[in-house]
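Participant: This is the structure I have questions about; it appears just below.
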Ligand SMILES: [Zn+2]
């Protein structure tokens with residue numbers, strides 16, 4: 003089989019969520035960290051792939067009404083809504099062919115309503131949250147976000163999935179944070195990038211792999227983090243820890259992304 007590349011990668015801005023570093027990585031020094039809650043758009047000859055959908059649009063106007071107590075930790079402008087981010091780069095939501103949700107937690111599902119026509123791709127272990135059957139995952143999932151995809155054209159992905167059969171866009175099974183957590187490998191013409199999703203929450207987790215407070219299965223989470231680091235070497239890919247504010251700045255997001263060429267960068 004021949005290998006190909008995606009054409010372009012866009013980072014779409016999203017809300018900020020202030021949490022404690024020590025809750026994001028066992029062993030990290032305590033103190034507030036303002037996580038980025040972004041989405042990503044990958045343009046490939048065969049389709050347009052959205053990774054994650056950020057917070058719900060109503061959170062821009064009323065975060066506490068939307069998320070309760072947790073909403074007090076949210077900062078979101080109307081421009082950071084997914085539908086407005088897509089409009090800003092001239093992409094009609096109807097043009098999106100695939101939506102990969104890295105896992106079902108609320109900070110990844112808020113914009114699913116904007117892309118109900120796309121093929122919905124989810125790690126098999128998280129299916130129980132969509133069905134409402136798995137109480138462990140449901141705790142951080144927001145049921146109304148998942149309504150648009152309950153009967154959607156979708157694929158439950160068991161293991162890894164090469165979306166277009168050319169190794170350009172690959173969902174990678176990274177169970178642990180939730181049972182169905184995935185990361186996304188994107189091969190671009192100049193370089194490859196591993197979009198971590200919530201396999202890691204802080205970039206320092208790559209140097210000091212450890213679970214974090216909300217992981218469903220801690221031992222699996224550690225193994226997945228180690229897999230992520232190994233795959234970065236195998237593919238000579240940069241790892242973008244998508245919630246990490248320093249990575250957001252390092253990759254020059256938001257907008258169309260040109261990956262750094264420094265081979266020491268991981
Ligand atoms: Zn998250």
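Residue numbers (the working numbering): 3 to 268. Quick reminder that beta carbons are idealized off the backbone N, C-alpha and C, glycines included.
Rounded to the nearest angstrom, how far is the Cβ of residue 4 from that of residue 168, given a contact under 8 Å?
Facilitator: Locating residue 4 in the chain shown gives position 2, where the first residue counts as 1. Locating residue 168 in the chain shown gives position 166, where the first residue counts as 1. Indeed they touch by this definition, with Cβ atoms about 6 Å apart.
Participant: Between 165, 106, 193, 189, which lies nearest to residue 152 when the distance is taken from Cα to Cα?
Facilitator: Numbered from 1 along the chain shown, position 150 holds the residue referred to as residue 152. Of 165, 106, 193, 189, the residue nearest in Cα terms is 106.
Participant: Touching or not, the region 209-224 and the region 34-53, by the rule of three or more beta carbon pairs under 8 Å?
Facilitator: Cβ pair count under 8 Å is below three, so no.
Participant: Tell me whether residue 26 sits in a helix, a strand or coil according to DSSP, three-state version.
Facilitator: Sequence index remark: in the chain shown, residue 26 carries index 24 (1-based). Residue state, collapsed to three classes: helix.
Participant: Could you check if residue 217 belongs to the surroundings of ligand 1, using beta carbon to heavy atom distance under 7 Å?
Facilitator: To locate residue 217, count along the chain shown from 1; it is residue 215. For ligand 1, not one heavy atom lies less than 7 Å from the Cβ of residue 217.
Participant: How many Å lie between residue 6 and residue 188 at the Cα?
Facilitator: Taking the first residue of the chain shown as 1, we reach residue 6 at position 4. Taking the first residue of the chain shown as 1, we reach residue 188 at position 186. Cα-Cα distance, rounded: 10 Å.
Participant: Sorted by chain position, which residues of the same chain lie with C-beta nearer than 7 Å to residue 119's C-beta, five sequence neighbours on each side aside?
Facilitator: Counting from 1 along the chain shown, the entry for residue 119 is found at position 117. Contacts found: 96.
Participant: Just the C-alpha distance for residue 267 and residue 180, rounded to the nearest angstrom, thanks.
Facilitator: Numbered from 1 along the chain shown, position 265 holds the residue referred to as residue 267. Numbered from 1 along the chain shown, position 178 holds the residue referred to as residue 180. Below a pLDDT of 50, predicted positions are generally treated as unreliable, and residue 267, at 49, falls in that range; the measurement from the model is reported next regardless. Answer to the nearest angstrom: the Cα atoms are 28 Å apart.
Participant: Within 10 angstroms of the Cβ of residue 66, are there 16 or more other Cβ atoms? Answer buried if so, exposed if not.
Facilitator: Taking the first residue of the chain shown as 1, we reach residue 66 at position 64. It is exposed - the Cβ of residue 66 has fewer than 16 other Cβ atoms within 10 Å.
Participant: Just the Cα atoms here: how many angstroms apart are residue 18 and residue 260?
Facilitator: In the chain shown, counting from the first residue as 1, residue 18 sits at position 16. In the chain shown, counting from the first residue as 1, residue 260 sits at position 258. Using only the alpha carbons, I get a separation of about 23 Å.
Participant: From the DSSP output, which residues share a beta bridge with residue 173?
Facilitator: As a first step, residue 173 must be located in the chain shown, where it is residue number 171. For residue 173, which the question treats as bridged, DSSP gives the partners 163, 186.
Participant: Examine ligand 1 and report whether any of its heavy atoms sits within less than 7 Å of the Cβ of residue 245.
Facilitator: As a working mapping, residue 245 is identified with position 243 in the chain shown. Checking the Cβ of residue 245 against ligand 1 gives yes.
Participant: Below 7 Å CB to CB, which residues in the same chain sit around residue 115 once its five sequence neighbours on both sides are set aside?
Facilitator: Walking along the chain shown from the start, residue 115 turns up at place 113. Closer than 7 Å at Cβ, skipping near neighbours: 150.
Participant: Looking at C-beta atoms only, is the number of pairs between the region 45-65 and the region 77-87 that lie closer than 8 Å three or more?
Facilitator: Yes: the two stretches touch, three or more of their Cβ pairs being nearer than 8 Å.
Participant: Considering only C-alpha positions, which residue in the set 128, 250, 55, 230 is nearest to residue 209?
Facilitator: Taking the chain shown and counting its residues from 1, the one referred to as residue 209 is at position 207. Nearest C-alpha to residue 209: 230.
Participant: Determine the contact status of residue 124 and residue 93, defining contact as a CB-CB distance below 8 Å.
Facilitator: As a first step, residue 124 must be located in the chain shown, where it is residue number 122. As a first step, residue 93 must be located in the chain shown, where it is residue number 91. In this structure, residue 93 does not lie closer than 8 Å to residue 124 by Cβ.
Participant: Could you give the first and the last residue of the continuous beta strand (DSSP E) run that contains residue 4?
Facilitator: By one-based count along the chain shown, residue 4 stands at place 2. Premise fails: residue 4 is in no beta strand (DSSP E) and is neither H nor E.
Participant: Within its chain, find whatever has a CB closer than 7 Å to the CB of residue 27; leave out the 5 residues flanking it on each side and keep chain order.
Facilitator: Within the chain shown, residue 27 is the residue found at index 25, counting from 1. So the qualifying residues of the chain are 203, 204, 206, 207, 212, 214.
Participant: Got a sec? Which residues, its chain only, sit under 7 Å from residue 134 by beta carbon, not counting five neighbours each side?
Facilitator: Position 132 of the chain shown, counted from the start, is the residue given in the question as residue 134. So the qualifying residues of the chain are 140, 145.
Participant: Less than 7 Å between the CB of residue 200 and some heavy atom of ligand 1, yes or no?
Facilitator: What you label residue 200 is simply residue 198 of the chain shown in a count that begins at 1. Yes, Cβ of residue 200 sits closer than 7 Å to a heavy atom of ligand 1.
Participant: Measuring straight from C-alpha to C-alpha, what distance separates residue 111 and residue 21?
Facilitator: Locating residue 111 in the chain shown gives position 109, where the first residue counts as 1. Locating residue 21 in the chain shown gives position 19, where the first residue counts as 1. Cα-Cα distance, rounded: 19 Å.
Participant: Cβ of residue 109 versus every heavy atom of ligand 1: is any distance shorter than 7 Å?
Facilitator: Along the chain shown, one-based indexing puts residue 109 at 107. The answer is yes for residue 109.
Participant: Counting only the same chain and skipping the five closest in sequence on each side, list residues whose C-beta sits under 7 Å from that of residue 291.
Facilitator: The question about residue 291 has no answer here: the residues shown for the chain are numbered 3 through 268.
Participant: So, helix, strand or coil for residue 86, using DSSP?
Facilitator: For the purposes of this step, residue 86 is taken as the residue at position 84 of the chain shown. Three-state DSSP puts residue 86 in a helix.
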